[in-house]
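Visitor: Just so you know, we're using this note's numbering here: the sequence shown kicks off at 263 and counts up by one.
Glycine included, C-beta positions come from ideal geometry on N, C-alpha and C.
Below are the structure tokens for one structure; questions will follow.
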Amino acid sequence: MEIILDGNNIKTVEDFHREIKNVLDFPDHYGNNLDALWDCLTSWIEAPLVLIWKDFEKSKSCLGEFADKAISVLKDAEKNVEGFKIKWNNESNAYSTEERDQFAKLLVLHVRDAAIKSCDLRLHSSNMNSPSVKRWRDKISSINNQEVVEMIIADCVDETIFWFLKAIDETVFNISFNSAEGESLSFSDFEYGEIAGDYIGEWRFKFSQERSYNDFEDL
Numbered sequence: 263m264e265i266i267l268d269g270n271n272i273k274t275v276e277d278f279h280r281e282i283k284n285v286l287d288f289p290d291h292y293g294n295n296l297d298a299l300w301d302c303l304t305s306w307i308e309a310p311l312v313l314i315w316k317d318f319e320k321s322k323s324c325l326g327e328f329a330d331k332a333i334s335v336l337k338d339a340e341k342n343v344e345g346f347k348i349k350w351n352n353e354s355n356a357y358s359t360e361e362r363d364q365f366a367k368l369l370v371l372h373v374r375d376a377a378i379k380s381c382d383l384r385l386h387s388s389n390m391n392s393p394s395v396k397r398w399r400d401k402i403s404s405i406n407n408q409e410v411v412e413m414i415i416a417d418c419v420d421e422t423i424f425w426f427l428k429a430i431d432e433t434v435f436n437i438s439f440n441s442a443e444g445e446s447l448s449f450s451d452f453e454y455g456e457i458a459g460d461y462i463g464e465w466r467f468k469f470s471q472e473r474s475y476n477d478f479e480d481l
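Okay, here's the thing in structure tokens:
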């Protein structure tokens, strides 16, 4: 069963609790707080159930920090309640896995790998004389281990891309992507808070042709 939580009706924390209580038919004694939300999600709802948070971004911008806390509770419930699933922005208009991979591959190959190759060229070139190459050459001549510099280059590129994607996640930038099929898709159609983490944890290892360092693979 699919149930819609309409973000157009959610402008305050009180609105959120009222709407989610109504659509999920929580009991009258629902406490209008996140602890009560967790209790009802894990003990009251009847699964299988798909909760579609329609126009999620509208309500998120109104709810501020509370939105992050509510989302955390909902995602934890999704992990712990068999048959309970959440969809954001009524995902009929959201990115498909194929479209996410299209964007990820373009980002990694044409931004990440291109930046690393450009920096490597400056690092290893002996016959280029641009101002930046000269500046690098002067500083690097005192470093014995160029592998350290190569590692720092990759880490700095990854760090920059991560924070750019995090700004998109947090709607600092409103950016769209044209898929291979010619469809223009807003990044708000991605599930909340996903693309920065997806880049660091998956995309760079999956699509990059340059070096990547995974500090957590042995954990």
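Ignoring anything shorter than 4 residues or poking outside the segment 361-434, list the alpha helix (DSSP H) runs there in chain order.
Guide: 375-386, 393-402 and 408-431
Visitor: Which residue from Arg374, Gly463, Arg362 and Asp477 puts its Cα closest to that of Leu447?
Guide: Position 185 of the sequence shown holds residue 447. Residue Arg362 is the option with its Cα nearest to Leu447.
Visitor: Just the Cα atoms here: how many angstroms apart are Ser441 and Asp382?
Guide: Taking the sequence shown and counting its residues from 1, one reaches residue 441 at position 179. Taking the sequence shown and counting its residues from 1, one reaches residue 382 at position 120. Rounded to the nearest angstrom, the two C-alpha atoms are 30 angstroms apart.
Visitor: Using C-beta distances below 8 angstroms, list every residue in its chain close to Ala416, excluding the 5 sequence neighbours before and after it, in chain order.
Guide: In the sequence shown, the residue the question calls residue 416 occupies position 154. Hits under 8 angstroms: Ile378, Glu472, Arg473, Ser474 and Tyr475.
Visitor: Phe346 and Leu311: beta carbons closer than 7 angstroms?
Guide: One-based indexing of the sequence shown puts residue 346 at position 84. One-based indexing of the sequence shown puts residue 311 at position 49. Yes. Within cutoff.
Visitor: Could you name the residues of the same chain whose beta carbon sits closer than 8 angstroms to that of Leu267, not counting the 5 residues immediately before and after it, in chain order?
Guide: Numbered from 1 along the sequence shown, position 5 holds the residue referred to as residue 267. Closer than 8 angstroms at the Cβ level, and outside the excluded window around Leu267, lie Glu281, Ile282, Val285, Leu313, Ile314, Trp315 and Lys316.
Visitor: Run through DSSP, which three-state label would Trp315 get?
Guide: Taking the first residue of the sequence shown as position 1, residue 315 is located at position 53. Three-state DSSP puts Trp315 in a strand.
Visitor: Just list the residues that DSSP pairs Ser446 with in beta bridges.
Guide: Indexing the sequence shown from 1 puts residue 446 at position 184. Ser446 is bridged to Asn440.
Visitor: Measuring alpha carbon to alpha carbon, tell me which of Asn271, Ala339 and Leu427 ends up nearest Ala298.
Guide: The residue given as residue 298 occupies position 36 in the sequence shown. The shortest Cα separation from Ala298 among Asn271, Ala339 and Leu427 belongs to Ala339.
Visitor: When burial is assigned at 16 or more other CB atoms within 10 Å of the CB, is Asn355 buried or exposed?
Guide: As a position in the sequence shown, residue 355 is number 93, starting the count at 1. Note on Asn355: pLDDT 47, under 50, position unreliable in the model; the coordinate value appears next. Exposed, by the Cβ-count rule.
Visitor: What residue does the alpha helix (DSSP H) around Lys341 start on, and which one ends it?
Guide: Walking along the sequence shown from the start, residue 341 turns up at place 79. Start and end: Glu327 to Asn342.
Visitor: May I ask you to report which of helix, strand or coil DSSP gives Glu308?
Guide: Here residue 308 refers to the residue found at position 46 when the sequence shown is read from its first residue. Coil, per DSSP.
Visitor: Residues in its own chain within less than 7 angstroms of Asp375 by CB, not counting five upstream and five downstream?
Guide: Position 113 of the sequence shown, counting from 1, holds the residue named residue 375. If we look at Asp375 and ignore the five residues flanking it on each side, its Cβ neighbours are Ser470, Gln471 and Glu472.
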